[in-house]
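Written out as structure tokens, the structure is:
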């Protein structure tokens with residue numbers, strides 16, 4: 001597969017790791033139902049009966065956790081028909097969030113796989129720099145993530161959120177709800193996606209550095225440069 005040998009630089013390794021962390025962080029933000037945390041306390045007696053577990057209802061992009069019965073805590077999806085689910089159940093703004101963040105993360109994951117090609121000394125595709133192309137795609141993915149992330153608060157005026165957070169809930173003001181960990185994961189992942197796009201230029205400069213090219217000309221199969 002890499003008949004010409006391998007070229008690994010410190011900057012390309014940092015680029016790869018930052019992109020990997022961005023993908024994992026954004027995936028966590030998408031799947032965890034912890035974007036908004038409701039004020040209600042759900043007390044669940046332990047099986048041993050000597051302590052009580054306190055939970056809070058919460059909602060994510062397409063899933064939620066809530067009280068079921070007197071003391072049961074249940075988490076599940078409410079996007080029963082995907083993006084075709086009724087907007088009273090799955091707010092339109094959250095459909096935009098789900099579509100853009102999933103598509104953006106998929107694109108980011110594809111660039112992550114394609115980064116391995118750059119280690120095989122493939123510096124161009126159809127005459128275009130591999131690093132520049134991947135950087136452009138990562139920038140597009142980051143913009144999708146940002147647009148999807150910013151669309152989420154516009155669903156806070158829907159009845160689903162008012163039941164969870166209070167009647168005063170409105171875009172960017174979730175009334176009595178607290179921001180959950182998924183909100184912060186989404187913000188961190190989006191920032192890391194933009195950083196990944198910028199790091200592509202640094203990785204390219206290291207790829208074409210004098211030390212790296214000299215090692216290749218000397219016929220070294222495995223080239224590692226800082």
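Numbering (the numbering used here), first residue to last: 1 to 226. Where a beta carbon is used, it is the ideal one built from N, C-alpha and C, also for glycine. Treat the numbers as computed from the prediction; the structure is a model and nothing was measured.
For the pair of segments examined, the region 133-141 was found not to touch the region 32-41: the number of CB pairs separated by less than 8 Å stays below three. Relative to residue 160, the option among 117, 177, 145 whose CA is nearest is 177. Look at residue 73 here: in three-state DSSP terms it is strand. Per the C-alpha coordinates, the member of 181, 165, 145, 173 positioned closest to residue 153 is 173. Taking C-alpha positions only, residue 75 is separated from residue 93 by approximately 21 Å. Your pair residue 73 and residue 42 checks out as a contact, with CB atoms roughly 6 Å apart and the cut at 8 Å. Inter-residue distance for residue 88 and residue 98 is about 16 Å (C-alpha atoms, whole angstroms). Inclusion of residue 108 and residue 141 in the CB contact set at 7 Å is warranted, their separation being smaller than that value.
By the 16-neighbour rule on beta-carbons within 10 angstroms, residue 84 is exposed.
Within the region 132-171, the complete alpha helix (DSSP H) segments of 4 residues or longer fall at 159-165, listed in chain order.
Going by DSSP, residue 52 is part of the beta strand (DSSP E) stretching over 52-55. If the five residues before and after residue 60 are omitted, its C-beta is found closer than 7 Å to the C-beta atoms of 32, 33, 34, 35, 182, all from its own chain and listed in chain order. Membership of residue 65 in the beta strand (DSSP E) is indicated by the continuous run 63-68.
The residue from 50, 104, 114 with its alpha-carbon nearest to that of residue 200 is 114.
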